[in-house]
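Remarks on the structure that follows.
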Amino acid sequence: MKHIWLIIAGLIIGLSVDAQTIIKDKDNVSGIWKKSKSPYIIKGEAIVPEGKTLEIKPGVVVKFKTGEGRDYPKTTVGFLRVKGTLIAEGKEKKMITFTRDGSSGNWGVIQIHSESKNSIILYCKFEYAKFIRNIVSSDNATGALSLYDSYAEITNCIFVNGWVGINCKKGAYPLVKNNTIAGNQYGLECNTGSKPEVLNCILWNNKTTFFNNGESLPTLSNSLIGENPAKYGLEDNGTNLIGRNPKFKSEQKGDYNLKSDSPCIGKGKDGSNMGAF
């Protein structure tokens, strides 16, 4: 009897350790993604169809296949195309993580299309994302999160160690609030008439903080930025911290909480903190 219970216990432990959900190339996805079935591993192009909603619960890990092929449709990386609605609402102590599958390489993007409505991205961490070429009307999607003529609320998220944190194109007008964007090639990319509102954010230690092709009208307020925003055609309204070290607890270890003496504490709009936490 003792041996039987040991075998059963071993099976239960094995099942809990090996729990995962595979999303195949060209799969349509909607409904609810739960932590109990996490990680969700996206092997190619996953699609949230128009009129459908994908809800991702706190603590879920979404992993994407890595690779070098980035010319759509011959891509070899995982990515998520959102034509419907994406509701990814994590919690401060139970964030949703979008990352690579494996210990090296980069994945693609999360592309939010013009037909997408009411997407909400809250307390999420994006890491090791890069880009895909020709994803929409022969246009490229750079960044962990790419918005194409669409609106989304992006709040309390972390974008680190990728190509671009957030990419806005073709009139995209997201609310980018209380996010930490650090250690990327580009922090925020604005193209072709996009109008992101950046509020209470930290943009720090990116090789280039902003890319603005001159046709976009981003607004920046109550945020910490590593360089003078005028360099990128942005006006400083006097509420931003320029060139100040945000004093993360340990950027090297991936801890983007603020130290007690951080200049970002209480400097957000209405006395809130800047950044994701």
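In terms of numbering that gives the first Met the number 0, the sequence shown has 184 at position 185, counting the first letter as 1, and numbering is strictly consecutive.
Every residue, glycine too, gets a C-beta built ideally from N, C-alpha and C.
Since the structure is predicted, the reported quantities are computational estimates derived from the model, not experimental observations.
*What residues are listed by DSSP as bridge partners for Q110?*
Residue pairing for Q110: DSSP places it in a beta bridge opposite R80 and S145.
_Straight-line gap, L53 to S37 (C-alpha atoms, nearest Å)_ = 15 Å
_Under DSSP, the beta strand (DSSP E) around L202 begins and ends at which residues?_
I201 to W203
*So, helix, strand or coil for S35, using DSSP?*
helix
*Which runs of the beta strand (DSSP E) fall wholly inside the stretch 169-243 and span at least 3 residues, in chain order?*
174-176, 179-181, 185-189, 196-198, 201-203, 207-211 and 218-220
*Would you mind giving the Cβ-Cβ distance between L174 and G186, rounded to the nearest angstrom? I have them listed as a contact below 8 Å.*
16 Å between Cβ atoms; not a contact.
*Backbone secondary structure at K62 - three-state DSSP*: strand
*Using a threshold of 8 Å, state whether the C-beta atoms of K42 and G77 are closer than that.*
Yes; because the gap between Cβ atoms is below 8 Å, this pair is in contact.
*Give the range of the beta strand (DSSP E) segment to which T75 is assigned.*
Neither: T75 is in no beta strand (DSSP E) and is coded neither H nor E.
*DSSP three-state call for G270: helix, strand or coil?*
Looking at G270 - three-state DSSP - the assignment turns out to be helix.
*asked:* Please tell me whether G274 and C200 are closer than 8 Å, where the distance is taken between their beta carbons.
replied: yes
_Cutting at 6 Å between CB atoms, please list the residues of its own chain near G104, excluding the five before and the five after it._
T65
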